[in-house]
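Heads up, the thing below is written out as structure tokens.
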Amino acid sequence: MASLSLPNHYYFPSLLPAQSPKPMSPSSYQNLSLLPKSSHSQFYGPKLSYASSLSLPLSTASPKISIFAKVNKGGVPPNFTLKDQEGRNVTLSKFKGKPVVVYFYPADETPGCTKQACAFRDSYEKFKKAGAEVVGISGDDPSSHKEFAKKNRLPFTLLSDEGNNVRKEWGVPADLFGTLPGRQTYVLDKNGVVQLVYNNQFQPEKHIDETLKLLQSL
Numbered sequence: 010m011a012s013l014s015l016p017n018h019y020y021f022p023s024l025l026p027a028q029s030p031k032p033m034s035p036s037s038y039q040n041l042s043l044l045p046k047s048s049h050s051q052f053y054g055p056k057l058s059y060a061s062s063l064s065l066p067l068s069t070a071s072p073k074i075s076i077f078a079k080v081n082k083g084g085v086p087p088n089f090t091l092k093d094q095e096g097r098n099v100t101l102s103k104f105k106g107k108p109v110v111v112y113f114y115p116a117d118e119t120p121g122c123t124k125q126a127c128a129f130r131d132s133y134e135k136f137k138k139a140g141a142e143v144v145g146i147s148g149d150d151p152s153s154h155k156e157f158a159k160k161n162r163l164p165f166t167l168l169s170d171e172g173n174n175v176r177k178e179w180g181v182p183a184d185l186f187g188t189l190p191g192r193q194t195y196v197l198d199k200n201g202v203v204q205l206v207y208n209n210q211f212q213p214e215k216h217i218d219e220t221l222k223l224l225q226s227l
């Protein structure tokens, strides 16, 4: 950090009004403050305190946004227990022995999330044929999930991650500078090992294509 020190007698003559200021004794300079205490000050122009130092940063560091996934391909994600749309507890480990598609989405009833959920619904028979379960997760509560599933005739499980704790544990990155919860899909094989991590916020239906392609190769 660089510092700029100004002596106690320094002032700015270019900022003084046309009239001459009142004479000042040398001792008066020691009582100058950075800004006048009132509009009735006897001094003219900006005033600097005695032997003051003004610190000026030479550069300003830009904020850095770190985006990383804690759950990667080849890894085993943290287990969790969340409530489904019926209020029942569902644990990830119960799906072990069959492939499972876990997709995180921003929120119920939004246009992109509705498109994605309906695309999973329309291809649900293909997922069943591949022996896979589909699980959607967002921060909405179980009652919101229940209404969302009923309205769109969703045949799969929706889990409520209120507080987004599982989202954080799995390291799902947010979008739009952290203002929008991320849309990320994971495919776990029958041993619970991640075989695919797919992120695409603005093409929600692509998640279905990518997951089916992977499942058909297992």
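Counting in my numbering, the sequence shown runs from 10 upward without gaps.
Backbone N, C-alpha and C define an ideal beta-carbon position, used for all residues, glycine too.
What is the DSSP secondary structure of residue i, reduced to helix, strand or coil?
i	result
Glu-118	coil
Lys-159	helix
Val-202	coil
Glu-142	strand
Thr-90	strand
Val-181	coil
Val-80	coil
Thr-220	helix
Rounded C-beta distance between residue i and residue j? I'm assuming under 8 Å.
i	j	result
Asn-208	Gly-180	The Cβ separation is near 11 Å, so there is no contact.
Cys-127	Asn-161	6 Å
Phe-165	Tyr-133	6 Å
So which of the options has the shortest CA-CA distance to residue i?
i	options	result
Gln-225	Val-109, Asp-170, Asn-174 and Pro-151	Val-109
Phe-186	Ala-116, Gln-210, Leu-197 and Tyr-195	Gln-210
Glu-142	Leu-197, Asp-218 and Pro-213	Leu-197
Gly-84	Lys-215, Gly-201 and Ile-217	Gly-201
With burial defined as no fewer than 16 other Cβ atoms inside 10 Å of the residue's Cβ, what is the status of residue i: buried or exposed?
i	result
Gln-94	buried
Ser-50	Below a pLDDT of 50, predicted positions are generally treated as unreliable, and Ser-50, at 39, falls in that range; the measurement from the model is reported next regardless. So Ser-50 ends up on the exposed side.
Gln-239	What the structure shows of the chain is the stretch from 10 to 227, and residue 239 is not part of that stretch, so it cannot be assessed.
Thr-220	buried
Beta-carbon within less than 8 Å of residue i's beta-carbon, same chain only, minus the 5 sequence neighbours each way: which residues are those?
i	result
Leu-91	Asn-98, Val-99, Ile-146, Leu-168, Ser-169, Asp-170 and Val-175
Leu-288	Since the first residue of the chain shown is 10 and the last is 227, residue 288 is not available in this structure.
Considering only residues of the same chain and omitting the five flanking positions on each side of residue i, which have a CB-CB separation below 7 Å?
i	result
Gly-96	Pro-151
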